[in-house]
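See below for the structure under consideration.
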Amino acid sequence: MIGWLRTEMKKIEAIIKPFKLEEVKEALSDLGIEGMTVSEVKGFGRQKGHTEIYRGSEYTVDFLPKIKIEVVLPDSMVDNATTAIVKAAKTGKIGDGKVFVYNIDEAIRIRTDETGEKAI
Amino acid sequence: MIGWLRTEMKKIEAIIKPFKLEEVKEALSDLGIEGMTVSEVKGFGRQKGHTEIYRGSEYTVDFLPKIKIEVVLPDSMVDNATTAIVKAAKTGKIGDGKVFVYNIDEAIRIRTDETGEKAI
Amino acid sequence: MIGWLRTEMKKIEAIIKPFKLEEVKEALSDLGIEGMTVSEVKGFGRQKGHTEIYRGSEYTVDFLPKIKIEVVLPDSMVDNATTAIVKAAKTGKIGDGKVFVYNIDEAIRIRTDETGEKAI
Amino acid sequence: MVASFNLDTRRLISLILFCCSFFVAAAVFGQNASPSPAPSPQSAQAGSLEDRVASLEAYIKNTDGSKTLADVPGPGHNAWMMTAAALVLFMTLPGLALFYGGLVRRKNVLSVLAQCLGIVGLVTLLWWAAGYSLVFGKGFNNPFFGGAEHFFLNGVTSSPNGDYSYWVSENVYAMYQLMFAIITPALIIGAIAERMKFTTLMTFMFFWMFIVYFPMAHMVWGITGFMNGIWNPASGIKAIDFAGGTVVHMTSGWSSLILCLILGPRLGFKREPIPPHSVVLTMIGTGMLWVGWYGFNAGSAVAADRIAANAFTATTLATATAAFAWGMLEKILRGKASVLGFCTGAVAGLVVITPACGFVTSTGAVIIGVLAAVVPYFAISLLKPKLGYDDALDTFGVHAVGGTIGALLTGLLASKQANPNLRDDVLSSLFASQLAAVVVTLILSVVGTAIIAFALKFSMGLRPTAEVETAGLDISEHGEEAYIS
Amino acid sequence: MVASFNLDTRRLISLILFCCSFFVAAAVFGQNASPSPAPSPQSAQAGSLEDRVASLEAYIKNTDGSKTLADVPGPGHNAWMMTAAALVLFMTLPGLALFYGGLVRRKNVLSVLAQCLGIVGLVTLLWWAAGYSLVFGKGFNNPFFGGAEHFFLNGVTSSPNGDYSYWVSENVYAMYQLMFAIITPALIIGAIAERMKFTTLMTFMFFWMFIVYFPMAHMVWGITGFMNGIWNPASGIKAIDFAGGTVVHMTSGWSSLILCLILGPRLGFKREPIPPHSVVLTMIGTGMLWVGWYGFNAGSAVAADRIAANAFTATTLATATAAFAWGMLEKILRGKASVLGFCTGAVAGLVVITPACGFVTSTGAVIIGVLAAVVPYFAISLLKPKLGYDDALDTFGVHAVGGTIGALLTGLLASKQANPNLRDDVLSSLFASQLAAVVVTLILSVVGTAIIAFALKFSMGLRPTAEVETAGLDISEHGEEAYIS
Amino acid sequence: MVASFNLDTRRLISLILFCCSFFVAAAVFGQNASPSPAPSPQSAQAGSLEDRVASLEAYIKNTDGSKTLADVPGPGHNAWMMTAAALVLFMTLPGLALFYGGLVRRKNVLSVLAQCLGIVGLVTLLWWAAGYSLVFGKGFNNPFFGGAEHFFLNGVTSSPNGDYSYWVSENVYAMYQLMFAIITPALIIGAIAERMKFTTLMTFMFFWMFIVYFPMAHMVWGITGFMNGIWNPASGIKAIDFAGGTVVHMTSGWSSLILCLILGPRLGFKREPIPPHSVVLTMIGTGMLWVGWYGFNAGSAVAADRIAANAFTATTLATATAAFAWGMLEKILRGKASVLGFCTGAVAGLVVITPACGFVTSTGAVIIGVLAAVVPYFAISLLKPKLGYDDALDTFGVHAVGGTIGALLTGLLASKQANPNLRDDVLSSLFASQLAAVVVTLILSVVGTAIIAFALKFSMGLRPTAEVETAGLDISEHGEEAYIS
Ligand SMILES: Nc1ncnc2c1ncn2[C@@H]1O[C@H](COP(=O)(O)OP(=O)(O)O)[C@@H](O)[C@H]1O
Ligand SMILES: Nc1ncnc2c1ncn2[C@@H]1O[C@H](COP(=O)(O)OP(=O)(O)O)[C@@H](O)[C@H]1O
Ligand SMILES: Nc1ncnc2c1ncn2[C@@H]1O[C@H](COP(=O)(O)OP(=O)(O)O)[C@@H](O)[C@H]1O
């Protein structure tokens, strides 16, 4: 449980609109955040999907393309980072997405075996 | 630590068979869950993969296509939601997948800056 | 809160170089770990991207293809597993990736409704 | 190393081996029996100068020049027919394969390609062994089957066969017609996509060729054929079908309906969306089909002559019109013109103009183009949902409906102005003849398909297990994945 | 079921309906009014043996054989022109569609395909109704517009039209030229990709054909045309353009520039990377363009004769040279030769050799190939970033720049050795004539496009909403997704 | 802006610049030196009516008509050969590029396309400058190299060259043969895919053309060639090779083996799975190869005559049979017929029938089809794993093995019945001649390749760094990504 005290790390998971990725990335870079992991996801929420028609058949597509950004960082940076993400990702229109924050117990940099804050 | 008390949120992460997505989505909708994020993943587990042959060479493909569903929701709904997911996703055959639950510290709706339960 | 005591589970999330997947998978299998979930992600970090040129225009591609491996396992196996992953995934060159560990409250096997350690 | 293979496979293979041994024996015999004399193309010319000039003129005009230029193909016509044959192959490989392949789900695209490829191989062997002879032979002097004289392409050389062409090598003509025999069963794949066992499908096609295609093609195009209105004076029905409205599209389209009814719908049909996995592939396929179809339609003149030119023109006009009309229908009725709509319209236009292209004028072609969009459009968007059969990729909606209205419109719009071969005795009762031909075709296709399909349903079984179908046919039936990232 | 559709759609449809009703009325009238007499190709030959042989020789040499072989197409020439017409269609469907489709983002690929398909339909109907006649008619005896005698392809039969070809069916020629009329507006799509409303685009093309393409094509190729240097003795400018450097590439290229300037850049242009979503598709399209271009260039001889052979050769040499040179430029200047570079070079080579291919020798073709790479390369990599217009897929950089230097290089390199039809009066002042033709083309394209584009900007609107553009045109404008996994 | 480029690039470029400066100088000189006289195709005909009719008949029969129709190509033959040349280009662009491109991993697909495109450019320039002359010239009167008289295509005009064709323009023939010279080195790419430096590969090809291809092609097809059994009475080995079993497939196939042995296997070979990234692309490529191969095989008659018709037929039958046989072998031995299996079988069939197609009957073609599947099937699935070389895409297994058995089977199955040009003196010892030709080809390919490969290994280096290979050649060598989502 020593490690537990040694380092307080959080993961921020942000679901954003795809075309906002560049801006969010830059906002995080500006805070000195040097690493993140990004993936393509599909989101379902209040934002309405669209209808596709193939010959006779209509399909309602509820799942919309979104980008998920994952950043692990020291507790101390979480507030700044979430604020920056929210600001950069906002369009004010429905479907802008969410930011989730949760605890990370440990982080290791594979290349160097460094752990904790030094690893991120 | 006030926020910590204010809101108890969990994330449910379900790995399911791809063709079960529609059913799980509907089961969650029926519980009033309005948002979720979905991604395509590959699963490795007890379910056997298959063999592919390209000209002379045989390959065993262990990684099978799965769908990952992520839902963040208030603690109070977790039990109902997991039950609903399990019910909808079950085929009884090997490879049906897993449900994992863990804690979320904070959630923010990008569009409105709302936080906590109101954000999800 | 009984369930909370009953089972201590962790999730290991490893971001690795794509061509290391086979080796990591085997290293985990050797530890008796029978299940994992894998996804394709893009990583941004210290590792420099590359430049692409399409006719006149140059683009710097910062996001590099990485593989994310997620394994849920009992607390007791975490140390061995992280060590195994780090060892298998290491090339010593920048961009090798990270391992993150965090807490999981509950796990359910959809097929059997088993929960906790038995589910993973 | 020999995988344990199941009963069906063994059945199929026994069948093939049986046929092969029979065929090879006969082929060798055939070759010995009737060595076609080596032609002597450099021999001195007999004939008067007048005759020789007339024969040369016959080449230009695509008339009979055999008085002094017997046994020699004409370069321009032969060139066009080799091109046309290659174009018709292009329609199937990769045209149709992509058109259909794009419309199925990702997990089944290879199964469609495998079916197309398998059919190409199977039909070629059948055609070589017996098919060409049964269709274009005349030894039986029979309105339904041709003859046995050309089994194993015996006697089919580079010299023209005057029954079908004055100036095109008979072997080129045989290969050209082979390409029709290939694409016709391949069209059926569309209706039953994503849910039929490969082995059963191939077995189905084996029988279907003998029971439906060969007799049908002989009836319409064979020189002794039952419905060969123009060239067989003794034909029972004086119908016309320039490039295969009945032979190709009606047979495949109506067979499709029956087979997909007997097969049943795909798992999840009407419960979950089954959208095309790549409209891009479908569009590529459409472009290839269109381009290749010039070989199909203009090639059916079996010469690079006036009739071919007319067919080329009519095909272009009808197809573009139908593509545009389908898009505009979508735009008006649903607000958006889709790529799939344009593509479907183009294919519908090609189908409907097929029997007509050598017989109608430009204006007739445009009229056909409009109807080629409107009728199938409503068949697919209104009829199909109501009746509820799972014609997966709309083979029935496009080919059966299109082929049928094409045959009938040919009856209404054929004109001497477009094609002077249309004699008055044919024209006078043409619509009635076309109607009769439609009925004959429909019955043969429906009955033939039903018999084969039921026989296979109760012997080999038509469908794979639900598990296989869910996992996708590519992995389960062919051991491959289409795309690996 | 009728979707509530907006004003623009209604406007487009009114336009179409209006035109159609007019056309159909006229077509029916036309058909009644002048039934072209059915040819009698089997009639006995008049003429002396000497004349008959001379006519047959005329077929071989592609000269006038109408003394004894009137009204009949020549098989070799007709075969080649049907093949060529199919090849030129192949350039658009699916060639150009894939070339462009690969270069846009995933979310807009179907919009490019839909635009190509829509243009094919629209232009075919216009060509049938009026276009062919306005370009290749001579009733008006006018240097800018042809005539009305061939509206609805009236009188356009399988007989050759001696003004354009001694031995190719006029209807085949009309279809061949239709394929040019199709690809020219389709080229414009490249400049305005990813950000124009489909309905507006189609309306733009409707007017563009009448204002820019038809007059331009008549001027250059019409027998009474203003700039038809070789075949119209009364031409105002004695310029030459073998296969469409001015008519096709300059018109589309310069119109592209104007339209994309009026339209404005894509959202995010210069702020975010907009890389091609599939270089593989682009390369497939390039291969198809190249292969199809043989129909375009060698087909422009309207015969399978010596000139066609020369055009075939020059096209091959210039294209391969340009592709290689572009790749080597990249290798030298940037360290890496890219697939997109090779492909762009190939297309640039094809563009620049187009006006020249029937007039230059092999060595001339190689020289053109080198310049075809160098000039557009720097236009795209230096000029474009500096000037800052968003020519999305480089239609201006390749087709306008390439077409212009092609027209000028033709003036410098055309030689009697390659083409004996080049009379001294044409050759003597050729470069000046070419320069004049370039100026005329440029002005017509720029002014015509500007007028139409501004008119539409203030009526229908050119661009979709930012939301639609961001979501992608495929889903918003066509209701489809390109790829579904 | 000039990227700092490395030694290899500089070496390649120096080489190119050197050659270019030499060539351009010589080309300009050549053009001045021997202006080929402009033909006067409209001049009055000399010759008696009898002679003139005989010449016209010669056109139909593809015999010598130069008595009264000298210097003029025949429309039907020229049409076919332009079509055929376009088809053979289509085989490479995009056919082979897709066939191979689909088989590699996603990260290397563009490298395959770039290699194909680069080869097209390089070989075209070599062919123009020297290749055509070295192969089809006769100035050296030498069995291994042709002559210098046609450097820079000097004197190669639209008139036929009677040594190779009575009725096809020599420039069309030169372009047709260029397409063969392009695809042959491109085939080699398959063996060394995913792991060779682009610059080195291009340099390898430069030398390979001079050392292996040009001599080989002259030996077999040049009028003074060493192994031109039919047309060169003085040939040392009276072998036959209709469309390139030795020249194309054996040279590329055996060179592939040597090059891939010297290069070594891909990183991870045999340790990790390296499955095809898109079987769909491979199937598209297969369809295009097959269609294009009609140009290759039937075009090798250099006329649209009886022999072409025979080649067309044999090609169809052998290919379809081999595709089907390969699929059935898989079905029997492994339980599943795969798309890749059908495709590989088709290509194997095409390869094996290539030398034979103009010489064998239908039955011979079917026999060849069966063997074309069986032998390469076991070579690839048994031999390769045992010997352990990394022939990445099975160029050796298909082209070397296939080409070799094709050459031998041609010796066994060639018959006068199929081709009357087969004189008895050729036929009597044909199998021995074929065996000799096989040995010569094998030695030249193996030795030539080994020399070039070792020279480059120790100068420029053959392989990129492990890092580059791991990241993929697309990004590292060409600066592009194939697919961006
Ligand atoms: N409860 C949830 N759990 C996980 N992801 C969610 C949840 N709710 C929404 N999302 C994600 O956020 C995206 C945006 O949500 P949506 O309700 O459409 O709009 P908004 O963010 O404006 O409220 C969704 O597409 C989905 O990916
Ligand atoms: N320990 C684990 N951690 C993360 N994911 C797992 C784990 N075990 C299984 N999975 C995921 O669950 C899927 C199903 O597991 P599997 O063992 O095949 O069958 P079952 O769920 O029926 O036990 C796997 O494909 C994988 O994606
Ligand atoms: N703070 C972070 N949060 C989440 N993922 C990260 C973080 N930092 C790095 N990563 C992931 O790890 C990968 C490797 O990181 P990088 O800094 O490039 O090299 P290294 O792991 O050698 O330090 C990145 O591509 C990214 O996917």
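Protein chains in written order, with our numbering: chain L, 1 to 120; chain D, 121 to 240; chain R, 241 to 360; chain X, 361 to 845; chain Z, 846 to 1330; chain P, 1331 to 1815.
All C-beta atoms, glycine included, are put in the ideal place defined by N, C-alpha and C.
Excluding the 5 residues flanking Thr681/X on each side, which residues of the same chain have their C-beta closer than 7 angstroms to its C-beta? Gly709, Val726, Gly729 and Val730
Taking DSSP's pairing of strands, which residues face Gly43/L in a bridge? Leu64/L and Thr157/D
Just curious, the alpha helix (DSSP H) that Phe1071/Z is in, first and last residue? Where Phe1071/Z is concerned, there is no enclosing alpha helix (DSSP H), given that its DSSP letter is neither H nor E.
State yes or no: is the C-beta of Asp336/R nearer than 8 angstroms to some heavy atom of ligand 3? yes
With DSSP as the reference, please indicate the residues paired to Leu193/D in a beta bridge. Lys130/D
Enumerated in chain order, which unbroken segments of the alpha helix (DSSP H) with a length of 4 residues or greater are wholly contained in the segment 902-938 of chain Z? 920-935
Using a 10 Å radius around the Cβ and a threshold of 16 neighbouring Cβ atoms, would you call Arg1753/P buried or exposed? exposed
Any heavy atom of ligand 3 closer than 8 angstroms to the Cβ of Ala37/L? Reading the sequence as shown, one finds Thr at residue 37/L and not Ala. Within the cutoff, so yes.
Quick check on Leu1712/P: buried or exposed, where buried means 16 or more other Cβ atoms within 10 Å of its Cβ? exposed
For Ala107/L, the first and last residue of its enclosing alpha helix (DSSP H): It is not in any alpha helix (DSSP H) - Ala107/L instead sits in the beta strand (DSSP E) that spans Glu106 to Arg109.
Where does the unbroken beta strand (DSSP E) through Glu52/L begin, and where does it stop? His50 to Tyr54
Cut-off 7 angstroms between Cβ atoms - residues of its own chain near Leu934/Z, not counting five sequence neighbours on either side: Met1024
In the DSSP assignment, find the alpha helix (DSSP H) that holds Gln1747/P and state where it starts and stops. Note, Gln1747/P: premise wrong, no alpha helix (DSSP H); not H, not E.
Through-space distance from Thr676/X to Leu804/X, alpha-carbon basis: 31 angstroms
Go ahead and pull the three-state DSSP assignment for Ile1805/P. helix
Is Lys306/R a contact residue of ligand 3, with contact defined as CB to any heavy atom under 8 angstroms? yes
Beta-carbon proximity of Ser1692/P to Ala1655/P, cut-off 9 angstroms: no
Quick one: does the C-beta of Arg1179/Z sit closer than 8 angstroms to a heavy atom of ligand 2? no
What in chain X is Cβ-close to Tyr54/L, meaning under 7 angstroms? Pro635, Pro636 and Leu700
At a cut-off of 8 angstroms, is Arg109/L close to ligand 3 when judged by its beta-carbon and the heavy atoms of the ligand? yes
Which same chain residues end up closer than 7 angstroms to Gly45/L when comparing Cβ atoms and leaving out the 5 residues on each side of it in sequence? Gly95
Looking at Thr801/X: is its Cβ nearer than 9 angstroms to the Cβ of Thr606/X? yes
Does the segment 636-651 of chain X come close enough to the segment 440-460 of chain X that 3 or more CB-CB pairs lie under 8 angstroms? yes
Would you decide whether Glu190/D is buried or exposed? Buried here means 16 or more other CB atoms lie within 10 Å of its CB. buried
From Gly1247/Z, Gly921/Z and Gly1209/Z, residue whose alpha carbon lies closest to that of Ala1224/Z: Gly1247/Z
If we ignore side chains and look at the alpha-carbon of each, how far apart do Ala308/R and Glu253/R end up? The identity of residue 308/R in the sequence shown is Lys, whereas the question assumes Ala. Answer to the nearest angstrom: the Cα atoms are 7 angstroms apart.
Using only CA atoms, which one of Ile1637/P, Ala1521/P and Glu1479/P lies nearest to Val1434/P? Ala1521/P
Test: Thr300/R CB closer than 9 angstroms to a CB of chain P: no
What are the residues of the segment 420-451 of chain X that lie near chain Z, defined by any Cβ-Cβ distance shorter than 8 angstroms? Ile420, Lys421, Asn422, Thr423, Gly434, Pro435, Gly436, His437, Ala439, Trp440, Thr443 and Leu447
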